[in-house]
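The structure under discussion appears below in the form of structure tokens.
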Amino acid sequence: MQSMPVFVIKRLLYGVLVLLVLSFVIFSFIRVIPGDPVRMSLGPTVSEDVVERMRSDLYFDRPVVVQYGHWLQGVILHGDFGQSLYTKRAVADDIAEFLPRTIELALLAAVMILVFGILLGTISALFRNSWLDNTVRLLSYLGVVTPPYAFAILFMLVFAYYWKVFPLGGMPSLPPEIQSTGMVAFDALIHGRFDLFGDALAHLFLPAVSLSLGSIAYQARIHRSSMIDNIGKDYIAFANVVGVRRRTVISKHLMKPSFIPSLTIFGLQVASLLGNAFLIEVMFRYPGFSRYSLSVIMAKDPYGIVACTLIFGVVFAIANILIDLGIAGLDPRVRLRTTE
Amino acid sequence: MKRLSKTLVLSLVLLMMVGAVAMATTLRTTITATPESLDPAVTSGENDWKVAVNLYDFLVYPSFEDASPEASVAASWDVSDDSLTWTFYLNEGVTFHDGSELTASDVKFSMDRMIGIGEGYAYFFADRVAETRVVDDYTVVFELSEPFGPFLVTLYRLAIVNEDLVMANLEDGMYGDYGDYGKGYLLTSDAGSGPYTASDFRIRNYVQMSKYDNYWQGVSETAPDVVIANEVLDAATTKMMMGSDEIDLAHGRQEMTTLNSLAQMDDVGVAFFPEMSVNFFMINTKKAPTDDIHFRRAMAYATDYSAMMAIYPDSPRALGPVPSHVFGYADDLVGYEYNLELARQELALSPYADQLSQYPIDVSYIQGNGDTAKLCLQFAANMAQIGITANLVEKPWVLFCNQEETIETSPHVTNLFANCSYPEAGAILELKYASWTVGGWNQNEWLQDSEFDAMITEALVTVDADARAALYSSMQYHLVDELCPSIYTFVSVLKAAYRSDVFSWPAGEGSPHAIAEFNFNYRFFEMI
Chain A
103 MQSMPVFVIK
113 RLLYGVLVLL
123 VLSFVIFSFI
133 RVIPGDPVRM
143 SLGPTVSEDV
153 VERMRSDLYF
163 DRPVVVQYGH
173 WLQGVILHGD
183 FGQSLYTKRA
193 VADDIAEFLP
203 RTIELALLAA
213 VMILVFGILL
223 GTISALFRNS
233 WLDNTVRLLS
243 YLGVVTPPYA
253 FAILFMLVFA
263 YYWKVFPLGG
273 MPSLPPEIQS
283 TGMVAFDALI
293 HGRFDLFGDA
303 LAHLFLPAVS
313 LSLGSIAYQA
323 RIHRSSMIDN
333 IGKDYIAFAN
343 VVGVRRRTVI
353 SKHLMKPSFI
363 PSLTIFGLQV
373 ASLLGNAFLI
383 EVMFRYPGFS
393 RYSLSVIMAK
403 DPYGIVACTL
413 IFGVVFAIAN
423 ILIDLGIAGL
433 DPRVRLRTTE
Chain B
4 MKRLSKTLVL
14 SLVLLMMVGA
24 VAMATTLRTT
34 ITATPESLDP
44 AVTSGENDWK
54 VAVNLYDFLV
64 YPSFEDASPE
74 ASVAASWDVS
84 DDSLTWTFYL
94 NEGVTFHDGS
104 ELTASDVKFS
114 MDRMIGIGEG
124 YAYFFADRVA
134 ETRVVDDYTV
144 VFELSEPFGP
154 FLVTLYRLAI
164 VNEDLVMANL
174 EDGMYGDYGD
184 YGKGYLLTSD
194 AGSGPYTASD
204 FRIRNYVQMS
214 KYDNYWQGVS
224 ETAPDVVIAN
234 EVLDAATTKM
244 MMGSDEIDLA
254 HGRQEMTTLN
264 SLAQMDDVGV
274 AFFPEMSVNF
284 FMINTKKAPT
294 DDIHFRRAMA
304 YATDYSAMMA
314 IYPDSPRALG
324 PVPSHVFGYA
334 DDLVGYEYNL
344 ELARQELALS
354 PYADQLSQYP
364 IDVSYIQGNG
374 DTAKLCLQFA
384 ANMAQIGITA
394 NLVEKPWVLF
404 CNQEETIETS
414 PHVTNLFANC
424 SYPEAGAILE
434 LKYASWTVGG
444 WNQNEWLQDS
454 EFDAMITEAL
464 VTVDADARAA
474 LYSSMQYHLV
484 DELCPSIYTF
494 VSVLKAAYRS
504 DVFSWPAGEG
514 SPHAIAEFNF
524 NYRFFEMI
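Top line first, the protein sequences correspond to chains A and B.
For the first sequence, position 120 matches number 222 in the working numbering, and the numbering has no gaps at all.
For the second sequence, position 522 matches number 525 in the working numbering, and the numbering has no gaps at all.
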């Protein structure tokens, strides 16, 4: 028998263990791949003495276990993820600059997925087999099969190039004096810089829509199926027979259980937004963490790669725990199983 | 009445201020990547130097026409009879962006710092500058350990940094008393005296520069007040940005289809400027079958140079490793021409002639590197005409570099552009063929030829320009006629699309600077 906090702590510990193993494996792979990242970073004309000095400074002249131990110690004690050979500064600084922007983009996309996915799924289920249902199903099918970059190109062409309603890409920079979280729109809002907030939101909109459309479509399909399953259940029929108002049946008795599979899918979709943002960030020149991750991988930047892997791992682990907690909150049977 | 006058005056002042703000001009450009760092002592990339030439000053500045040295921070200079002591006399009144005066001490600090860090272009000076001495505030002396012919032109890469500012911003680092030698600070800030200051730099995003109004040589009022260089690689985005007036100048490394689309837009012109760079098919001279000189010559004769140049239109033919507009080019070099008959004759002399099916060759090129994939396709088709099978292998940059670490892993042939880091033949000859530069992306040839090594060493210590040029010429004949380690296709020409209704610049007027990066000194731009 275990309480909910114990369950959460256990999950967290599992997560940490998995991340430790993952980071060590990545570290080892990077050391095994042919090619010296330090030499590559400095170029062919830099003397061997200088390369050797930097190798030593970055622990590349020690066994991989020693290098990993030193890195892990830095991460745990000082939040120091090492030095990036790609940006030539501390990886922690890179994370602090790029990650909040992607989180902001992912959050906006997540809100869109949740709101529009659930809304469309609900409409579709309630008006099952009507023209409305058929339209939503067709659109959601199209949404699922269309890759995000296709949406990105389409939106850029229509809304940015021809109609000029939104900017073509990029993101305004955040003045240091109003930097709190690193999320441009959010920081601008809380500091009352509404001009910057509007500008940032305009820059966020098309990438967020491109990123979320496929997930909205998928979410709508899952939620529709889930609702249709539950509509046929006895307790819904009973509620209808005893004269419970339709609105109450839908909002109280139908929506809550229908949320359980939707929430599971939603959690995974949100976690994968970071990964899916690779292309979107590149296409919209959005200076976020996914684009950064792609760049450090291409540049074979060892500390950058490990840090990115770790961050993605942490996001997935946290998302999974939150999903479990969310489901436990919605479904008493899960709560019961957890505590028994 | 008095109050009314005051109000009127205030309104007028306000209007003038608003007018001044409204008049501020901004030039928006794209670059293939933001600088790796704003620190001129650690960088050597094209994009880094497009920015550095705006932020920093140099003792001497390359002339527009032929990149010969002209006075800049140094009003004059002289050299001792033994060519070991170079004395520079500085202009007075040169100020850094913080208002302090640039003196000889800053020059010494900049040289010492560059050598101490050992990155970027430090290899020009590391084993050659024995000591830098400050004689007085306006006189600095470099003592060389051996004569170095191109010393003056290598000073184009010695950007003078503000010693006090750097020393005030030291962080912990690996350079003893100098901590990190200011690398952390100069990563995103500038400490220069150039016509522009770095006003905002977001790594891998954009760099913004603002005009330095107190620039000692003066900056024209028509030069852009602000320059924003955005990192944009994607062709579709570039076209849309130009089409929707979001950029005024696109970087010069577009594919031809993109460039043609840009050029067809209203008021978009294209500026051409040759780089000190040649496209090479680099042949591994230590691996069968390309270790045989006849095999290599056969490949050189079988290459259809006209077809290659059609892929990169307007690029002049390269007959050897040195572009024709670079000092030290061998004027009467003949090179190779497309001649299948001669190719077959050479191939017949090769010991591999009867075993071609057993010796297919690998041809490697860099993923996403302009139209080089098309060059390699053309090359493979040409080789097939004489019975050589060429297998094309596209590699990301990282793997492309990795493969060059050993002779065994280096492919038979690779394709890329190699550049002169200073405007002399010696720069590219050393980088491409000296035995001490093997193991990197720059030398798939693995030439390791002792005769060549002796020649380049002698050339670089020769101070007399004519004698040095003669030595450079001999080396080119030796390479092209006797060794044939590479196939030279054409000289790289940058083609930058720009909004001719927004600004004009020397490169757009047909007077480009001899060194490509120096075309982007925005002091010489005029906003319309």
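Beta carbons: idealized from backbone N, C-alpha and C, even for Gly.
query                                                                                                                                                                               : result
A:S314 and A:A421 - do their beta-carbons sit closer together than 7 Å?                                                                                                             : no
Quickly, what does DSSP pair B:M285 with across the bridge? List them, please.                                                                                                      : B:T417 and B:S489
What are the residues in the region 183 to 201 of chain A lying within 7 Å of chain B by C-beta distance?                                                                           : T189, K190 and R191
Could you check what DSSP says for A:D235 in three-state terms: helix, strand or coil?                                                                                              : helix
In this structure, what does DSSP give as the bridge partners for B:E533?                                                                                                           : With chain B represented from 4 up to 531, any question about residue 533 of chain B goes unanswered, as that position is not in the structure.
According to DSSP, what are the bridge partners of B:Q267?                                                                                                                          : Per DSSP, none; premise fails for B:Q267.
Give a yes or no on whether 7 Å exceeds the smallest Cβ distance from B:C423 to chain A.                                                                                            : no
In chain order, which continuous runs of the alpha helix (DSSP H) of length 4 or greater are located wholly inside the region 110 to 185 of chain A?                                : 139 to 144, 150 to 159 and 166 to 180
Going by other Cβ atoms of all chains shown within 10 Å of its Cβ, with 16 needed for buried, is B:Y436 buried or exposed?                                                          : buried
Of all the CB atoms in chain A, is at least one closer than 7 Å to the CB of B:C404?                                                                                                : yes
If contacts are defined as beta-carbon pairs under 8 Å, then B:I314 and B:Q381 qualify, I think. What distance do you get, rounded to the angstrom?                                 : 7 Å
Please report whether the beta-carbon of A:V166 lies at a distance below 7 Å from any beta-carbon of chain B.                                                                       : no
Taking a contact to mean a Cβ-Cβ separation below 7 Å, would you say B:G443 touches B:E407 in this structure?                                                                       : yes
Please specify which runs of the alpha helix (DSSP H), each continuous and at least 4 residues long, are wholly inside the region 61 to 141 of chain B, giving them in chain order. : 107 to 120
Hey, quick one: how far does the alpha helix (DSSP H) through B:Y2 stretch, first residue to last?                                                                                  : Beyond the ends of chain B as shown, which are 4 and 531, falls residue 2 of chain B; an answer cannot be given.
Would the region 408 to 423 of chain A count as touching the region 105 to 120 of chain A if we require 3 or more Cβ pairs under 8 Å?                                               : yes
Take B:N2 as the anchor and find which of B:A70, B:V416 and B:G102 has the nearest alpha-carbon.                                                                                    : In the structure as shown, chain B begins at 4 and stops at 531. Residue 2 of chain B is therefore absent and cannot be evaluated.
Using beta carbons (cut-off 7 Å, strictly below), is B:T208 in contact with chain A?                                                                                                : The sequence given here has Asn at residue 208 of chain B, not Thr. Interface residue, yes.
Assuming the contact rule is C-beta atoms closer than 8 Å, B:M245 and A:L270 should be a hit. Round their C-beta distance to whole Å, please.                                       : About 10 Å; that fails the 8 Å criterion.
What's the C-alpha gap between B:G272 and B:M458?                                                                                                                                   : 44 Å
Can you tell which of B:S489, B:V281, B:V143 and B:T29 has the C-alpha that lies nearest to the C-alpha of B:N447?                                                                  : B:S489
Just how far apart, CA to CA, sit B:P316 and A:R141?                                                                                                                                : 35 Å
Following the continuous beta strand (DSSP E) through B:K214, name the residue where it begins and the one where it ends.                                                           : Y209 to K214
Just the chain B side, please: which residues come within less than 7 Å of A:S397 by C-beta, in chain order?                                                                        : R207
What is the C-beta distance between B:P65 and B:P426, in whole angstroms, given that I count them as a contact (C-beta under 8 Å)?                                                  : 6 Å
Are A:I338 and A:P363 closer than 7 Å when you measure CB to CB?                                                                                                                    : no
What is the residue span of the beta strand (DSSP E) that B:E397 lies within?                                                                                                       : A393 to K398
Using a Cβ-Cβ cutoff of less than 7 Å, which residues in the same chain neighbour A:P202 once the five nearest sequence positions on both sides are dropped?                        : T283, G284 and M285
Show which residues of chain B have a CB atom less than 9 Å away from the CB atom of A:M385.                                                                                        : D237, A239 and T240
Give me the DSSP bridge partner(s) of B:P277.                                                                                                                                       : B:V496
Across the region 25 to 43 of chain B and the region 227 to 241 of chain B, are there enough close Cβ pairs to call them in contact, namely three or more that are closer than 8 Å? : yes
Using Cβ-Cβ distances below 7 Å, what residues of the region 151 to 183 of chain B are close to chain A?                                                                            : M177
Using a Cβ-Cβ cut-off of 6 Å (strictly less than) and excluding sequence neighbours within five positions of A:E383, which residues of its own chain qualify?                       : G390, S392 and R393
Kindly indicate which residue of B:N165, B:D167 and B:G119 has the alpha-carbon position closest to the one of B:G176.                                                              : B:G119
Out of B:A301, B:L463 and B:G338, state which residue places its alpha-carbon closest to the alpha-carbon of B:L147.                                                                : B:L463
Taking Cβ-Cβ distances below 9 Å as the criterion, which residues of the region 249 to 268 of chain A are in contact with chain B?                                                  : I255, M258, L259, A262, Y263, Y264 and K266
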